[in-house]
Structures are given as structure tokens and as C-alpha cells.
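Structure follows, in C-alpha cells:
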């Protein structure tokens, strides 16, 4: 039996392009979706704010205010606004053609027709934006609307905010992608037929989990589709290329433990992962202990927290510029004595100068600085560019003092419980059982960024602000405590076998 399929939308069209199973579950089994992460919701909210601000690029327009659950009312309001030649632009105009309904971010009346402007809170046109605009062009022209140009608006990464009101035509860039959208028009009917065929089935399509589960976006049904995968899925092979995964699938291999010795296409790291998982053993190169013994005391274990607002908040910054606001540092003397210092900017305004001055005071001029990834060194280099008066002292921190523990762990160590990831959140519980982030209010970096934005917002109540402050301090402190514990564990030159 086939089933009556629901109307499509722009978002459903895009979901169907990524995976027919995703679209099927979205239409018929939305209860199977993963909870929406706080960070994902924040990105949605940012996109909404960017879109609303961009309307002022085309002032004097009419907002089609009916919400998306009342599409018929939105289309009626759209028809009325289109008939009034005095209306220069429409925002959120509603249309329906060939079973596909849509709301256009901006329609600007132009000579001989309209310009379609789809707004994105990114800093460039991305490949996945093209079908997004193409399906809108398909619907608009199917409704008889004369579309002169199809455009993609985005934030301009070169815009340096001077303070005060935004210069919108500098903040945003609007690119004409009519040609690219036109090129896709002939393929759209066939794509829609394929989508409708999948939706008409009484059962979801049988599609195996793969790279498409996270490209171009992480599927909201990721957890559902991965719950029955083996604990050591071949997708956990670090940096596995598509050709390798296809070769493994062709050989009927889904579990790393099934990969035979000498399987072609594995790089040395992937071969190491295969060997450790297949033999249920750990790998620790003795050269790692030697590297760690070369660190100079006092050893500083350092971690930063940052946020990157889409719309710049501070003079001299750009859209999505990374702004450090917090650091934690555990400092170990040669005799093993450990002390902790920390900084969290919880006042108003740009945190960078206070951050940098306090950091310089804690790190001094001697001793190795242990970090986990190149992130901190990159931020220090950026601070030097933004703060000329402190540049020499900041850059001196990078002169043979930085030691990247992540790089050493990736090169010299593997534990089956890493599951292919060398992130601190994966490595720590495997090598230091009993120490993780599960007891904290904030458990990952994006949560910390959102917490800081909320903490510093003028409308946040004092009690909530204090709660967030303590949560941020605990999270960042745990990161550097983790670095210390890993250092101690790896310096021993051995760890418990799996």
C-alpha cells in the first residue's frame, strides 16, 4: 500500500536531498528525533535575528506575519501585498506550487519583476545553499512571479565593526547566484518525484548510516539510525576517506574488529586503530614519555573558553570573530606542587585586553605551556594582532614554550575506548577512569559560549548570572585538571590495559 504524502516545504526538500530516510522520519516519525541541542537552537535563533536585521537592507516592505502553521493565510496576505505596486518589498512571503510551499526571506520589487534574497547567517555562499535558492526559484516561477535575480545574502567576513549602529551594506554581502539556481531547475522535477516515491511507501527507506548522516548537517535522527551500529564501527576510523569506507562496505565489513590484517587503503594511524581494537590492547609509544620529560618547569596547563558572535559586539571585530573571555591554568612545579589560577571576564565590554593582561601575569616568562590542540596558540596570535601594546609579550609565549599534548597523544598513543576520537572528552575517561565532565553543569565548549553570552546579557537576573559564572569556572578548571592528570598518567610510560 502507498500512503498519502504531506505537502513539501523548502526545509523538507533540503532534508530529502540529504537523505530520503531523514525526510521520511521527519514526516511520519518526528518523535524519533534527537533532542535539539542548545547550541543548535542558538544557531537557529541567530539565523532568525540575522534575517530580521537584513530586512532593513530593503526598507519599507510588508511583513507577512502569519506563522508557518497558517500557510493559506500567508499566501492570501502575499497576494494582496504583491498587487500593491507601492509595496517595495515583502518579507516572509508565502507561495505554493506543485505541492511545495515556501516562505521567501525577502522579495524586493525591481524593474520588470522581483529579486529573491535568501539570507544565511554564514560568511560565504556554501554548496548546500544553492539547492535552497533553486527550489524557491522553482516555486516562485511556477506561481507566475517574474523573478529577475535569485540572490544569497550572508554576513561579510571583511566587515570591521566601528561601534554604534551597523552599516548594513557593509555588514552584509548579497551575491547573485541566479545562474547556479537556473542550472538546477531541470533536475528539480525528478528530485521531487524521487522524494514523493520515498514518502509514499508504508516503510522508511532502507538506507545505511554513512557520511551523509552529518553532511551538510547532522541529521536530527542521527541517534536513532546509529543506535544499532557496532561499538567499533568502521566510521570511527580517523580521517577515513570515502574510498576506504566504500571498500570496507563492499567487503561486508561494518566493524573495525572485522578488518583483516593488511587491508589495503589504511594509513598508519588507521592501521594502529585497527590493531588495537582487533587485539583489544592499548598502544603507548615510549617516545611520548621522553617528550614529556623535556618540558620545562614550572609547567603551565592552559585552556581557553571563547565565543564567536555572528553579529560583532565590540569595535574592531568582525562577524564570527573568536573572542576569548576565560582561561584556566594549573601550574606544576618540579616537586609536583600544583596551584591553580583562573580568569573569567564577567563585566561589560570587550574582554580581550583584561584577558590578555591577566594571562601574561599567570604565565610569566619561563616554563612550558601545555595545551590540548593548536587553539590556544591561535588565539594568542590573534590577541597580539588586536592589542599592539601587548603584542611582543604575547608572541613571546609562542617562542618554544607551547607544547601541544593532543599532537603527541595522536602520534604516540591509542586506547580502544577512544573510539577513533582524540578529543579530550574521549581520551580522558579512557586513560583516567573516574574523571570526566558528567558532574558539571557545562560539559562542552559550545555550552560554555552560550553560557557566557547569557551571563553577560543585561537582562540576565543576578542569581542566574552567578550560577552561570560558577558553572563556567568549574568547566574550564576541569579542562586543565584533565591535562594535568593525562600528563601524569602518560609520564609514567604505561597505563592499564583495556
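Residue numbers (this note's numbering): 1 to 498.
Beta carbons: idealized from backbone N, C-alpha and C, even for Gly.
- Under the DSSP definition of a beta bridge, residue 413 partners with 284.
- Judged by DSSP in its simplified three-state form, residue 366 adopts coil rather than helix or strand.
- Secondary-structure assignment with DSSP links residue 341 through a beta bridge to 329.
- Taking 9 Å as the cut-off, the Cβ atoms of residue 171 and residue 161 count as close.
- Remark: fewer than three beta-carbon pairs, one from each stretch, lie closer than 8 Å, so the region 45-56 and the region 456-472 are not flagged as touching.
- Nearest C-alpha to residue 330 among 73, 142, 349 and 303: 303.
- Secondary-structure assignment with DSSP links residue 91 through a beta bridge to 63 and 106.
- With contacts defined by Cβ atoms closer than 9 Å, residue 412 and residue 276 do not form a contacting pair.
- Burial is judged here by how many other beta carbons sit within 10 angstroms of a residue's own beta carbon; residue 239 has fewer than 16 and is exposed.
- Look at residue 349 here: in three-state DSSP terms it is coil, with no helix or strand label.
- Sequence-distant partners of residue 374 (beyond 5 residues in either direction) whose C-beta falls short of 7 Å from its own C-beta, in its chain, are 404.
- Per the coordinates, the alpha-carbon of residue 82 lies some 25 Å from the alpha-carbon of residue 131.
- Per DSSP, the unbroken beta strand (DSSP E) holding residue 302 starts and ends at 299-307.
- Take the alpha-carbon of residue 466 and the one of residue 173: they are about 39 Å apart.
- By the 16-neighbour rule on beta-carbons within 10 angstroms, residue 61 is buried.
- In the DSSP assignment, residue 263 is bridged to no other residue.
- Taking one beta carbon from each stretch, the region 371-385 and the region 321-340 have 3 or more pairs nearer than 8 Å; the two touch.
- Residue burial annotation: residue 19 is buried, with at least 16 other C-beta atoms found within 10 angstroms of its C-beta.
- In this chain, residue 483 is not harboured by any beta strand (DSSP E); it is covered by the alpha helix (DSSP H) spanning 462-491.
- The beta-carbon distance between residue 220 and residue 34, rounded to whole angstroms, is 6 Å. This is short enough to meet the 8 Å contact definition.
- Within the DSSP secondary-structure output, residue 324 pairs in a beta bridge with 306.
- By the 16-neighbour rule on beta-carbons within 10 angstroms, residue 140 is buried.
- Straight across, the Cα-Cα distance linking residue 283 with residue 421 is about 15 Å.
- In this structure, residue 446 sits away from residue 88, with a CB-CB distance that is not shorter than 9 Å.
- For the 9 Å CB-CB criterion, residue 175 and residue 234 do not form a contact.
- Under the DSSP assignment, residue 402 falls in the beta strand (DSSP E) whose first and last residues are 402-404.
- DSSP links residue 255 through a beta bridge to 233.
- Under the three-state reduction of DSSP, residue 215 is assigned to coil, being neither helix nor strand.
- Under the three-state reduction of DSSP output, residue 184 falls in the coil class, being neither helix nor strand.
- Secondary structure remark: continuous beta strand (DSSP E) runs of at least 3 residues inside the region 110-145, in chain order: 113-119.
- Of all C-beta pairs linking the region 145-158 to the region 103-113, three or more are shorter than 8 Å, placing the two stretches in contact.
- Considering only 39, 44 and 6, the residue with the shortest C-alpha distance to residue 29 is 6.
- DSSP places residue 172 within a strand segment (E or B) once states are collapsed to three.
- Under DSSP, residue 153 forms a beta bridge with 119 and 174.
- Distance between residue 73 and residue 64, taken at the CA atoms: about 9 Å.
- Taking the C-beta atoms as reference points, residue 181 is found nearer than 9 Å to residue 133.
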